[in-house]
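Okay, structure first, notes after.
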Ligand code: IMO
Ligand code: MG
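Residue numbers (our numbering): 211 to 616.
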């Protein structure tokens, strides 16, 4: 029996999708415990590429039961679209394969609209995440169980009415066409209905029976509502604590995998001490194809920030590092990583020698240039956690194992 958790150690987009997919082949269950359709997990399997936002990455491998836990916020419209997308790609999707928690909160068109009205300065994904969690916390949210008990429409109309008044009287902006929104939502809610179940019991039964369970984090630790760069964060607990509240089951995670991109990226606004505004940053963006999977926005790029990572490791207790996108660092004369901040809060860098060799697709350590190995070894020493896995490209086979996962 093993319980795995995979979390982004930076600002999201660390490459969680690939690892989740790799692990999923061995899993009986994959659980998402926070966030919603703001996530953008890219899974590449053979020649097929899948971009998922809401449904756990385990759906692609076909074996695992996929749970959208109570800590998530679910947009029925996007859920239905994602089901259609997967069916079109011949992935098996049915209520035995995907479960939505009764206690998860619903993201409605009102939330998506209010996200645009209220959160422009944060640079959110516009998926209604903040307003949906806001309603949850102020106890005015709509849980998925309201679809089953028949109160959903009444709750939605009340929510829409309150938001309309707020828009008209406080923000002095027009409101969305609520009749159209209601119709669209009601249609997709009907499609979501068979998937809604008591996820706590289902996860608990699986954990008790000794099955392999993987908890799939979305976003990254530095976007955590408590531990991230507030207020430039997402609205959920993206770190390890969120996995317990967001699934409702105590799990003793034996493999706590931190996904670390070999450099840093960030989408949206907020502090980013190692950000590069020059052609080096531009090159990282190009090498790493750093454009958002959810919004298509160019990602901000910069050097690795070990000081930030150190904090992320305190929060999550990682005992295994999976490093991604090392191949995107080929061809730089030198590479830097922040190892501290000075009194003004500016990063203090350590400079490493670069390497010109192509490492994309490498499958053994021997294939890595020595400068590349030195960079990885330094990270491992600094964080005092083994780099167990190094991803060297988008394909499943593009991986070096330094330490087995199973
Ligand atoms: P994955 O799972 C990167 C960022 C947004 C914005 C802030 C708040 O692909 O790693 P929100 O819509 O969540 O209220 O936006 O968080 N953000 C992400 N950045 N990857 C993500 O997910 C993100 N999800 C949200 O850009 O700055
Ligand atoms: Mg993403």
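Glycine included, C-beta positions come from ideal geometry on N, C-alpha and C.
Within a Cβ cutoff of 7 Å, which residues of the same chain sit near residue i, ignoring the five residues on either side of it in sequence?
{"i": "residue 509", "result": "223, 475, 476, 477, 495, 500, 501 and 502"}
{"i": "residue 618", "result": "Since the first and last residues shown for the chain are 211 and 616, residue 618 lies out of range."}
{"i": "residue 302", "result": "272"}
{"i": "residue 571", "result": "602, 603 and 608"}
{"i": "residue 274", "result": "234, 237, 238, 239, 240 and 268"}
{"i": "residue 459", "result": "410, 413, 414 and 417"}
Given 7 Å as the limit, tell me if residue i has its C-beta closer than that to any heavy atom belonging to ligand 1.
{"i": "residue 251", "result": "yes"}
{"i": "residue 428", "result": "yes"}
{"i": "residue 280", "result": "no"}
{"i": "residue 248", "result": "yes"}
{"i": "residue 366", "result": "no"}
{"i": "residue 479", "result": "yes"}
{"i": "residue 442", "result": "yes"}
{"i": "residue 337", "result": "yes"}
{"i": "residue 433", "result": "yes"}
{"i": "residue 265", "result": "no"}
{"i": "residue 512", "result": "no"}
{"i": "residue 334", "result": "yes"}
{"i": "residue 218", "result": "yes"}
{"i": "residue 563", "result": "no"}
{"i": "residue 534", "result": "no"}
{"i": "residue 445", "result": "yes"}
{"i": "residue 340", "result": "yes"}
Would the C-beta of residue i count as close to ligand 2, meaning under 7 Å from any of its heavy atoms?
{"i": "residue 503", "result": "yes"}
{"i": "residue 223", "result": "yes"}
Between residue i and the rest of its own chain, which residues show a CB-CB distance below 6 Å, the 5 nearest in sequence each way excluded?
{"i": "residue 402", "result": "286 and 289"}
{"i": "residue 323", "result": "386"}
{"i": "residue 424", "result": "214, 233, 237 and 240"}
{"i": "residue 262", "result": "251"}
{"i": "residue 227", "result": "251, 252, 253 and 267"}
{"i": "residue 377", "result": "383 and 385"}
{"i": "residue 247", "result": "263, 264, 285, 288 and 337"}
{"i": "residue 391", "result": "319"}
{"i": "residue 292", "result": "264 and 265"}
{"i": "residue 374", "result": "385"}
{"i": "residue 398", "result": "286, 287 and 290"}
{"i": "residue 321", "result": "338, 341 and 342"}
Could you check how far apart the C-beta atoms of residue i and residue j are, in whole angstroms? I think they sit under 8 Å.
{"i": "residue 352", "j": "residue 383", "result": "Their Cβ separation, rounded to whole angstroms, is 23 Å, which puts residue 352 and residue 383 out of contact at 8 Å."}
{"i": "residue 544", "j": "residue 561", "result": "5 Å"}
{"i": "residue 416", "j": "residue 239", "result": "5 Å"}
{"i": "residue 256", "j": "residue 230", "result": "Wrong, their Cβ atoms sit about 17 Å apart, outside the cutoff."}
{"i": "residue 534", "j": "residue 431", "result": "Going by Cβ atoms, the distance from residue 534 to residue 431 rounds to 15 Å, so no, they are not a contact pair."}
{"i": "residue 242", "j": "residue 277", "result": "7 Å"}
{"i": "residue 444", "j": "residue 480", "result": "Incorrect: roughly 11 Å between the Cβ atoms, too far for contact."}
{"i": "residue 407", "j": "residue 309", "result": "5 Å"}
{"i": "residue 490", "j": "residue 335", "result": "Not quite, the Cβ-Cβ distance comes to about 27 Å (not below 8 Å), so this is no contact."}
Using a Cβ-Cβ cut-off of 8 Å (strictly less than) and excluding sequence neighbours within five positions of residue i, which residues of its own chain qualify?
{"i": "residue 569", "result": "536, 537, 540, 577, 578, 579, 582 and 602"}
{"i": "residue 556", "result": "483"}
{"i": "residue 457", "result": "241, 243, 277, 279, 280, 281, 409, 410, 413 and 425"}
{"i": "residue 465", "result": "212, 213, 214, 215, 529, 530 and 615"}
{"i": "residue 393", "result": "none"}
{"i": "residue 463", "result": "213, 214, 215, 425, 450 and 453"}
{"i": "residue 588", "result": "547, 560 and 562"}
{"i": "residue 516", "result": "547, 548, 549, 589, 592 and 593"}
Following the continuous beta strand (DSSP E) through residue i, name the residue where it begins and the one where it ends.
{"i": "residue 615", "result": "Segment: none, residue 615 is in no beta strand (DSSP E) and carries neither H nor E."}
{"i": "residue 560", "result": "557-563"}
{"i": "residue 276", "result": "275-278"}
{"i": "residue 465", "result": "465-471"}
{"i": "residue 259", "result": "258-262"}
{"i": "residue 282", "result": "From DSSP, residue 282 is part of no beta strand (DSSP E); its letter is neither H nor E."}
{"i": "residue 601", "result": "597-601"}
{"i": "residue 455", "result": "Residue 455 -> not in any beta strand (DSSP E); alpha helix (DSSP H) instead, spanning 450-455."}
{"i": "residue 538", "result": "Taken as a continuous stretch (DSSP letters only), residue 538 belongs to no beta strand (DSSP E), as it is neither H nor E."}
{"i": "residue 423", "result": "423-430"}
In terms of residue numbering, what span does the alpha helix (DSSP H) encompassing residue i cover?
{"i": "residue 547", "result": "Element bounds for residue 547: not the alpha helix (DSSP H) but the beta strand (DSSP E), 544-551."}
{"i": "residue 343", "result": "339-347"}
{"i": "residue 321", "result": "319-328"}
{"i": "residue 365", "result": "362-375"}
{"i": "residue 507", "result": "That residue, residue 507, is in no alpha helix (DSSP H); it is neither H nor E in DSSP."}
{"i": "residue 534", "result": "Counting along the chain, residue 534 falls outside any alpha helix (DSSP H), though it belongs to the beta strand (DSSP E) covering 530-534."}
{"i": "residue 232", "result": "226-234"}
{"i": "residue 495", "result": "489-497"}
Taking only heavy atoms of ligand 3 into account, decide whether any of them is closer than 7 Å to the Cβ of residue i.
{"i": "residue 455", "result": "The ligand content of the structure shown is limited to ligand 1 and ligand 2, which means ligand 3 is not among them."}
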